[in-house]
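Asks: Submitted below is the structure of interest, expressed as C-alpha cells.
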Amino acid sequence: MRPFYFARWPRFLKVSRMVLVVSLMLAIFQLPVQAQRNPPERPPPLKPLHSTVYRTIQVDGLSIFYREAGPKDAPTLLLLHGLPSSSRMFDPLIAQLSDRYHLIAPDYPGFGHSDWPDPKKFAYTFDHIAEIMNHFTEALGLSRYTLYMQDYGGPVGFRMVLAHPERIEALIVQNAVAHNEGLGAIWKTRRAFWADRAANEGALRANLLSPTTTRTRHVGSDPNVEGYAPDLWTDEFAFLSQPGQVDIQSDLFYDYRRNVDSYPKWQAWMRERQPRLLVIWGKYDPSFELSEPEAYRRDVPNAEVYIIDAGHFALDTRADEIAALVGQFMKRQK
C-alpha cells in the first residue's frame, strides 16, 4: 500500500498548477494598475530666475545701496527713483524684466538704504546727486545704459545725460518734468518757497512732506482708490519722519528751482540729439500736468508716448502694462 502523500501527489500538482496560472493571470491584470501608480513624467525645468540682489558700494565716501537683477551681458536699464521713494518702487518692474535685461536701481544719498549724511556737511543738490550717480555707474563699470527716470529721476538723469551723453542708449520718462509748463497748480506754494525760503519754509513742509500729501502723491485723482495699498504712503511717511529727513528733503527741494532754470538746456539736447525716447504718463498725477508728454514729443517727434490710467507712481497699479511697454521699446532698440 502506497503512503498517503504519494496518493495525494497528483492532486497536489494539479492544485499547484492552478494556483500558478491564477497568480500569473492576476499579475497580468494588475500591470496596468501598477503602471498607473508610476509617477508622471517630470515637466521640463523652469527657466532660471534672475533673483534680485541687494548690495552696497562705496562712492565718494558714501555707502550707496542698490538693487540688481538680470544677466549682466544683457542691455542695462538704470532706474532712477522719485521723492520720497527709493529703489524699492521699481521692484514690480524688476520682477517682470529681469529675465531679459540687466536692471540696476540705486538709492540716492539721503534716501532709502543709502547713507544720509548731515545736510550741514553735505550739499543736497541735484548737481551733487547726479555727480554721485555718475560715479556710481563708473564704480559698477556701466559704460552704456538706458535711463528710466521717474520724478526726481528726471533732474538727476538729465544731468547725467549732459555730463556723459556717450553712455546713453535711450531714455524712458515716467512722470518726470522737463518743461516749466509741466508743473501744475500745486507748485504755487513751492515757487513761493524758492522765492523766499525763510518766509515759506513752514508752508512748504506742510505742502510737500505731510501725511496727506504723501498719500495724495500716490492716489492723485485716480477713482480706483481701492487699487492702492496703504503701505505705499504709510511706509514713505515713516521714512520722512526719521530724524534729519525734513532738513534733507527741504534742502533738496529748495534746489529744485535750479531744475526749472535747466529745462531749456535739457530740451535743447533732446532737440539736437533726437534720442530714442519712451514717455509713459500716469494721467492722475496731482503734481505734473497732462500736457507734459506732448511737450516731450515737440522736442523729439519720434518719441513713443503713452497715457495710462495710473497716478504719479504708475508702477503702483500698472506694473504689468508698463513692463510690457518697456519690454517692447527695449526690443525695438536692438
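Under this note's numbering, the final residue of the sequence shown carries the number 1429; numbering is consecutive throughout.
Beta carbons: idealized from backbone N, C-alpha and C, even for Gly.
#1: Would you check if the segment 1418-1429 and the segment 1250-1269 touch, i.e. whether three or more CB-CB distances between them fall below 8 Å?
#2: What three-state label does DSSP hand Ala1200 in the structure shown?
#3: Would you list the one or two residues that DSSP bridges to Glu1416?
#4: Using DSSP with H/G/I as helix, E/B as strand and the rest coil, what is Glu1384?
#5: Where does Trp1376 sit, in a helix, a strand or coil, going by DSSP?
#6: Under the DSSP definition of a beta bridge, which residues are partnered with Met1244?
#7: Going by other Cβ atoms of all chains shown within 10 Å of its Cβ, with 16 needed for buried, is Tyr1358 buried or exposed?
#8: As a quick exercise: from Ile1417, Pro1170 and Gln1344, pick the residue whose alpha carbon is nearest that of Phe1206.
#9: Trp1364: which of Pro1381, Gln1269, Tyr1219 and Leu1257 sits nearest, CA to CA?
#10: Give a yes or no on contact between the segment 1367-1375 and the segment 1399-1411, applying the rule of three or more CB pairs nearer than 8 Å.
#11: Specify, as a first and last residue, the run of the alpha helix (DSSP H) that Ile1227 falls within.
#12: Whole-angstrom Cβ separation of Ala1200 and His1230, contact assumed at under 8 Å?
#13: Which same chain residues, not among the five before or five after Ile1227, have their C-beta less than 8 Å away from its C-beta?
#14: Can you tell me the Cα-Cα spacing of Val1355 and His1274, whole angstroms?
#15: For the segment 1233-1243 and the segment 1169-1185, state whether three or more C-beta atom pairs, one from each stretch, are separated by less than 8 Å.
#16: Can you give the Cα-Cα distance for Arg1286 and Arg1352, rounded to whole angstroms?
#17: Cutting at 6 Å between CB atoms, please list the residues of its own chain near Phe1332, excluding the five before and the five after it.
#18: What does the alpha-carbon distance come out to for the pair Asp1346 and Leu1385?
#19: Give the DSSP-derived three-state secondary structure of Val1400 in the structure shown.
#20: In the structure shown, what three-state DSSP assignment does Tyr1349 receive?
#21: Sorted by chain position, which residues of the same chain lie with C-beta nearer than 7 Å to Val1314's C-beta, five sequence neighbours on each side aside?
#22: Run through DSSP, which three-state label would Thr1309 get?
#23: Which residues does DSSP pair with Phe1160 in a beta bridge?
#24: Within its chain, find whatever has a CB closer than 8 Å to the CB of Arg1413; leave out the 5 residues flanking it on each side and keep chain order.
Replies: A quick look at the data gives this:
#1: A contact exists between the segment 1250-1269 and the segment 1418-1429.
#2: Mapped onto the sequence shown, residue 1200 falls at position 105. Ala1200: strand per DSSP, three-state reduction.
#3: Counted from its first residue, the sequence shown places residue 1416 at position 321. According to DSSP, which records beta bridges pairwise, Glu1416 is partnered with nothing at all.
#4: The residue you call residue 1384 lines up with position 289 of the sequence shown. Reduced to three states, the DSSP call for Glu1384 is coil.
#5: Here the question's residue 1376 lines up with position 281 in the sequence shown. Looking at Trp1376 - three-state DSSP - the assignment turns out to be strand.
#6: The count along the sequence shown starts at 1 and reaches residue 1244 at position 149. Bridge partners of Met1244: Leu1175 and Val1268.
#7: As a first step, residue 1358 must be located in the sequence shown, where it is residue number 263. By the 10 Å Cβ count, Tyr1358 comes out buried.
#8: Working through the sequence shown from its first residue, we reach residue 1206 at position 111. It is Gln1344.
#9: Along the sequence shown, read from residue 1 onward, the residue named residue 1364 stands at position 269. The shortest Cα separation from Trp1364 among Pro1381, Gln1269, Tyr1219 and Leu1257 belongs to Leu1257.
#10: They touch, by the three-pair rule.
#11: Looking up residue 1227 in the sequence shown gives position 132. Ile1227 -> alpha helix (DSSP H) spans Phe1221 to Ala1234.
#12: The sequence position of residue 1200 within the sequence shown is 105, counting from 1. The sequence position of residue 1230 within the sequence shown is 135, counting from 1. About 17 Å separates the Cβ atoms of Ala1200 and His1230, ruling out a contact at the 8 Å cut-off.
#13: As a position in the sequence shown, residue 1227 is number 132, starting the count at 1. Excluding sequence neighbours, Ile1227 sits near Val1154, Asp1155, Leu1157, Ile1159, Tyr1203 and Pro1204.
#14: Locating residue 1355 in the sequence shown gives position 260, counting from the first residue. Locating residue 1274 in the sequence shown gives position 179, counting from the first residue. Using only the alpha carbons, I get a separation of about 7 Å.
#15: yes
#16: Taking the first residue of the sequence shown as 1, we reach residue 1286 at position 191. Taking the first residue of the sequence shown as 1, we reach residue 1352 at position 257. Their Cα atoms are separated by approximately 8 Å.
#17: Within the sequence shown, numbered from 1, the residue matching residue 1332 stands at position 237. So the list reads Pro1306 and Thr1309, once near-sequence residues are dropped.
#18: As a first step, residue 1346 must be located in the sequence shown, where it is residue number 251. As a first step, residue 1385 must be located in the sequence shown, where it is residue number 290. Those two C-alpha atoms are separated by around 27 Å.
#19: Taking the sequence shown and counting its residues from 1, one reaches residue 1400 at position 305. Of the three classes helix, strand and coil, the one that applies to Val1400 here is strand, per DSSP.
#20: Residue 1349 sits at position 254 when you count from the first residue of the sequence shown. Residue state, collapsed to three classes: helix.
#21: Taking the sequence shown and counting its residues from 1, one reaches residue 1314 at position 219. Excluding residues within five positions, the ones whose Cβ falls inside 7 Å are Val1320, Tyr1323 and Gly1406.
#22: The residue you call residue 1309 lines up with position 214 of the sequence shown. Residue state, collapsed to three classes: helix.
#23: Sequence index remark: in the sequence shown, residue 1160 carries index 65 (1-based). Residue pairing by DSSP places Phe1160 opposite Thr1151 in a beta bridge.
#24: Residue mapping note: residue 1413 aligns to position 318 of the sequence shown, counting from 1. Spatial neighbours of Arg1413 in its own chain (CB-CB distance under 8 Å, excluding positions within 5 residues in sequence) are listed in chain order as Gly1377, Ile1403, Asp1404 and Ala1405.
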